[in-house]
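Since the structure comes first, as C-alpha cells, the remarks are kept for the end.
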Amino acid sequence: MTKKPTKRILRIVLIIASITSLFFVPWILVRAWLAPLPDTVQEQVNDAVGYGLDGMIVYVDEAGKPPAFYAAGWKNREKKVPADPQSLFKIASISKLYVAVAVAKLVNDKHLSLDKTLADYLPELVRRIENADKITLRMIVQHRSGIPNFTDTPGYWEDPPKANKENLELVLDKPADFEPGKKYSYSNTNYLLIGEILDKTLRYSHHQYIKREILMPLELNNTYSLFSEVDLDDVMSGYSVGYNGDLKYNDFINPSGSMVATAKDVGIFLRALNDGSLLNDNEQAIYSSIYKYEHTGLLPGYSSIARYYKDIDAVVVQFVNTSGGYTWNLSEIVYNRIVKILRRKKSS
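The sequence shown runs -4 to 343 under our numbering.
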C-alpha cells in the first residue's frame, strides 16, 4: 500500500527539483544547446559569436579533403579587426602535448628514464617537495605525482609570477595532495618540473629541442614556444568577461602552457601525433603509455580545444578569445555541435 504513494511523491519531488534547477542554469547555455543544428560549420561559428564570444577560429582537417578554415567575430575588438583563421593564438595547455612528445623521444633515446624519480633528476628539491624520492617521471607526466598545482594558489591570476622559479616557489614546502601514483590530479607544476628536467638533461633549452625534433620536421613554421618570439600584431587579442582590456600582452612562460601557434599548425601536429607519422614505433609505444592524444587549453582571454576523431578521420581545432563567466561551457557546447555537423555530413 505504501509503494505507490512513495513513487508518486518521488516523481513530484524530481519534477520540482528539475523545474527549480532551470532557474539556476544560464539560459545562454540552454539556448546554445537546444538550438537547431545548423547545416554548416560556418553557421555554427557565427552563432557562437552571437552568444557573446568575441571571436572564434575553427580548423577542420578531414582525411581526403583540403583543410577547412572558419572564423567569426573579432581578432581585435577595439580596432574592429575581424577574426583571421591564420592568426597566432595562445594555445595554453595544448603545449603539454609537445612536451610529452619530447619526453617520449628522449626516453626512447635513453637520455631519460620514466622510472627515475624527481630526486634523481632534481635532487635540490628533495627536502622541498614531499615524496620527491617516490615520484617518478612517469607519474609527473601523467599528473599522478600529488604535487600541488601552482595555478590553484588563491588569487594567482590577479598578478601571476612570470619566472618559472617564482611559480615553483608557490608550492615548495607544501604538503602533497596525495601519495604518488594513487590518484590523478591535473597540475601545471608537473610540466614546469618536466621543463626543468629536460633543460638539465639536454644542457640546453627544451624549447630548442622541440623546435628541432617536432616543429621543423612537420614544417610548423607558425608555432612558437614563447610569446616573446612572435610579432604581437599576428596574435589574436584575448578578452575576459567583466574586464575591458586586452589580455594579449600577458606573458605566460611556463612549459605547461607557453606556446603560441595557428590553428592549422596545431591541427597538423595533432594529426601527425595520432596517425603515427611524428614518432617511430618505439616512441609511439612510449608516448601511448604516458599521455593522451588530445588536449584543451585555458588562459585568461583564451580557450582552445584540439581533438582527433577516428570515426570520421578528422582533426578539429577550435580557438575562442573570450574567457570567464560561462564562456568555457559555451565553447564546449559549440565545439561538440561542430563535430555533430561533421558526423552528419559524413554519414549523409
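All C-beta atoms, glycine included, are put in the ideal place defined by N, C-alpha and C.
Since the structure is predicted, the reported quantities are computational estimates derived from the model, not experimental observations.
Asked                                                                                                  : Found
CA nearest to the CA of leucine 242, picked from Glu214, Lys195, Pro295 and Arg72                      : Pro295
Alpha-carbon to alpha-carbon, leucine 265 and lysine 100                                               : 16 Å
Tryptophan 22 - containing alpha helix (DSSP H), residue span                                          : 22 to 29
Presumed contact (8 Å Cβ cut-off) between serine 299 and alanine 43, rounded CB distance               : Not quite, the Cβ-Cβ distance comes to about 14 Å (not below 8 Å), so this is no contact.
C-alpha gap between lysine 335 and glycine 59, whole angstroms                                         : 19 Å
Burial state of asparagine 217, where buried means 16 or more other Cβ atoms lie within 10 Å           : buried
One or two residues paired with arginine 302 in a DSSP bridge                                          : Val311
Simplified DSSP assignment, three categories, for phenylalanine 84                                     : strand
Residue interval of the beta strand (DSSP E) (run including lysine 70)                                 : 63 to 71
Cβ-Cβ distance between serine 140 and serine 182 below 8 Å                                             : yes
Pick from Pro21, Asp79, Phe64 and Glu38 that is closest to asparagine 316, judged by C-alpha positions : Asp79
DSSP state of leucine 294 mapped onto helix, strand, coil                                              : strand
The beta strand (DSSP E) enclosing methionine 51, as first and last residue numbers                    : 50 to 57
Buried versus exposed, by CB contacts within 10 Å (16 or more), proline 61                             : exposed
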